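For reference, the structure discussed in these notes is given below.
2 protein chains.
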Amino acid sequence: MTTQADPGIRQLRADARRNRERILEAAAEVFAEQGADAQVDDVARRAGVGVGTVYRHFPNKDVLMGELVTRKFRSFADYAREALEEKDAWEAFSKLLHATAANMAENIALQDALRTTSAAFEYAEPARAEMNAVIDTLVKRAQRQGALRKDFKTDELGMLMGGLCASMSGPLAAQCDWRRHLEIMLDGLRAKPAARTRRAS
Amino acid sequence: MTTQADPGIRQLRADARRNRERILEAAAEVFAEQGADAQVDDVARRAGVGVGTVYRHFPNKDVLMGELVTRKFRSFADYAREALEEKDAWEAFSKLLHATAANMAENIALQDALRTTSAAFEYAEPARAEMNAVIDTLVKRAQRQGALRKDFKTDELGMLMGGLCASMSGPLAAQCDWRRHLEIMLDGLRAKPAARTRRAS
DNA sequence: TCAGAATATGAACCACGGTTCCGTTTGTCA
DNA sequence: TGACAAACGGAACCGTGGTTCATATTCTGA
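Line by line, the protein sequences are chains A and B. With the numbering used here applied, the first sequence covers 1 to 201. With the numbering used here applied, the second sequence covers 202 to 402.
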């Protein structure tokens, strides 16, 4: 495919491997601080590397961001897997969302990437699908335990979390407390006490 | 200040007044279609006017967008005022959110402006404050009627709606149905049946 | 230790899009 | 109708930031 993303294809030279990692780390930091429109030059500088080197490892900015997003999805998936241990499915579910949100909160880049840079998002699609698969079992379990509203689809989670993250950055961020947002959202997701559902007019 | 934004200051020449309006209309269309990063040149073209003319009326792109956002806030405020007529405050409240969201849904520019272009957002701040004031009475009333959760602050609405709108555009838009998002959100806002949430099984 | 390939470097390139500028046109008013 | 200010037009300007490329450096295997 593209590059040395696959460790089996060909062994990178020692310094190259080191640089690649440095770049990824630097990118994570820079994007986290400045959001998706941070400059590639800054990433290079922070990594102590020339721009050209960045482009040797990643064909363009979108792929670089895509790689970061991919890693993030993977770590979320890991977290979800851990959450599966918990007996109380609702507890597990809400903790997962909380952790995810908290993580995003200090990582503006991801929000931006997920919401605006569609190329990066697409690049990370495989990882996202995998993550959603894990989360799906969590969701199903919470529904079976009667804690999560039955009509909720795991696929809808991206929409909700995307919205949550969106309000973290931008002009709205000022008057925004994401914990509060999440709280309201979770209340909306909780299964209702059986009777009296909303009757849309 | 800048220009003829204030109609009282000085009478615009007939053609200028006409053009100003045309530009605003064109801008609304173009931004609605292409989002906040539509080009000023496109706006000018659509308005059948030179770029220079656009800049004669609006010092820069941000102010142009700010003006659009301002108008939008005003129209939302109007809608909220109408909603005050309704006896059932919850009905009024949810209808307001629904109408607002629907409006945003076909107006990508606003979402973008509200979420990313902080300059435009600031420009429209007065209108926003006015709008919130109207909505606040609606909120208070819904709370007095016991339909809306007591701990909800009107100021939090921006955050929630911002999030809702965010998921309408961007890569997430695909798998996103904002009506669904709103439904969940409203469920989260509804006052709970008195006691603490209950553990169904 | 050496050759050659892999990798690094960063100045330069280029597209894009907001903004300016000045010659031209148009409305207004006497 | 004539004169002048107001308004218009749109080519040119300019900063920004992603991307490239020719040259220099470094690793690796023999």
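In this text, a Cβ means the ideal position worked out from N, Cα and C, and glycines have one as well. Since the model is a prediction, treat every value here as computed from it, not as a measurement.
At 8 Å on the CB atoms, spell out the chain B contacts of A:A102, in chain order. The contacting residues do not exist; A:A102 stays about 16 Å from chain B at best.
Chain-ordered neighbours of B:F322 on chain A, where CB pairs are closer than 7 Å: Near B:F322 (Cβ distances below 7 Å), the residues of chain A are P171.
A:E85 CB to nearest chain B CB: under 8 Å? By this cut-off, A:E85 is not an interface position.
Short Cβ contact (8 Å threshold) for B:R221 with B:L213: Taking 8 Å as the Cβ cut-off, B:R221 and B:L213 qualify as a contacting pair.
Contact set for A:V40: own chain, Cβ-Cβ below 7 Å, skip 5 residues either direction: Closer than 7 Å at the Cβ level, and outside the excluded window around A:V40, lie V51, V54, K61.
Chain A within 8 Å of B:A401, Cβ atoms only: At B:A401 the pLDDT is 41, less than 50, meaning the model places this residue with poor confidence; the figure from the coordinates comes in the next sentence. So yes, B:A401 belongs to the interface.
Buried or exposed by the 16-neighbour rule on C-beta atoms within 10 Å, applied to B:A396: Low confidence applies here, because B:A396 scores a pLDDT of 46, under 50, leaving its location unreliable and the question unanswered by this model.
For A:S167 versus B:M360, is the C-beta distance shorter than 8 Å? Yes, Cβ-Cβ distance for A:S167 and B:M360 is below 8 Å.
List the whole-angstrom C-beta distance separating A:A14 from A:F93, where the pair is believed to meet the contact cut-off of C-beta under 8 Å. At roughly 44 Å, the Cβ-Cβ gap does not stay under 8 Å, so A:A14 and A:F93 are not in contact.
Compare the C-beta of A:M185 against all C-beta atoms of chain B and say whether one is closer than 8 Å. Under the Cβ criterion of 8 Å, A:M185 is counted among the residues facing chain B.
Rounded to the nearest angstrom, what separates B:P208 and B:L225 at their Cα positions? At B:P208, the pLDDT of 40 sits below 50, so the modelled position is not reliable; the number obtained from the coordinates is stated separately. Distance between the alpha carbons of B:P208 and B:L225 is about 15 Å.
When the cut-off is 8 Å and only beta carbons count, does A:Q175 lie next to chain B? Yes, A:Q175 lies at the interface with chain B (some Cβ there is under 8 Å from its Cβ).
What are the boundary residues of the alpha helix (DSSP H) that includes B:P394? First-last for B:P394: undefined, no H or E at that position.
In terms of alpha-carbon separation, which member of B:E307, B:R275, B:K354, B:A330 lies closest to B:A374? The candidate whose alpha carbon is nearest that of B:A374 is B:E307.
To which residues does DSSP link A:L148 through a beta bridge? Answer is A:R190, bridged to A:L148.
Along chain B, in chain order, which residues have C-beta atoms closer than 7 Å to that of A:T116? Simply G371.
Say whether chain A places a C-beta atom closer than 8 Å to the C-beta of B:R257. Output row for B:R257: interface = no.
Segment contact flag, the segment 145-156 of chain A with the segment 81-95 of chain A, C-beta cutoff 8 Å, min 3 pairs: These segments touch.
Check whether chain A comes within 8 Å of B:L365, counting only Cβ atoms and requiring the distance to be less than that. Under the Cβ criterion of 8 Å, B:L365 is counted among the residues facing chain A.
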